[in-house]
Amino acid sequence: YTLQLSILNHQPQSWRSVWLVKLSTTKNDPQVIPYLGRMIAALPGKSDGHQRELMNVILKMDWSEEQEGILFDACLEICGSISKSPSVRVVAFRILSRIIANYPELWYEIQFIVEEEYLETLSAGIRNGFKRDLKALQRLVLPKL
């Protein structure tokens, strides 16, 4: 029931449910796998905190190619939205980084979200962490291009 509620939009119960799921799951948790596609599809339209917790659960799972495509689009939208909470944008960037590590040609797709205008809305600490993650991704991806 907790997994089903975590995907819905019945606040604050849905956010609390996904938070509990995040705390109690392991990598590729067999109980979460049947809900993974629905979690990914549920990302758009959720509140910032709900999206962040869903993405934290999603990060613990392996994804199919189809799921990666849907995730890439959703996370690119989240990262590119300056109105989103910095913590949500950073978790979305972690997902994007994981996908780009597998598909380096997607590097060019994220260039607009790493421009200074998108980073200036982040606090100094989050911005520094973001830039550190970005440099690590560059070191991984750019030699392959």
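Throughout the sequence shown, residue numbering follows the numbering used here, covering 2 to 146 in sequence. In this text, a Cβ means the ideal position worked out from N, Cα and C, and glycines have one as well. Being a predicted model, the structure only gives us computed values, none of them experimental.
Discussion item. Once the 5 residues before and after Cys76 are set aside, which same chain residues still bring their CB inside 6 Å of it?
Written reply: Ala93, Ile96 and Leu97
Worksheet item: Where does Glu116 sit, in a helix, a strand or coil, going by DSSP?
Response: coil
Discussion item. So, for Thr26: in the same chain, excluding its five sequence neighbours on each side, which residues have a beta-carbon less than 8 Å away from its beta-carbon?
Written reply: Gln32, Val33, Val58 and Lys61
Worksheet item: Residues in its own chain within less than 7 Å of Thr3 by CB, not counting five upstream and five downstream?
Response: Ser18, Leu21 and Val22
Fill in: DSSP-derived helix/strand/coil call for Thr27
coil
Worksheet item: Buried or exposed: where does His11 fall if 16 or more other Cβ atoms within 10 Å of its Cβ makes it buried?
Response: exposed
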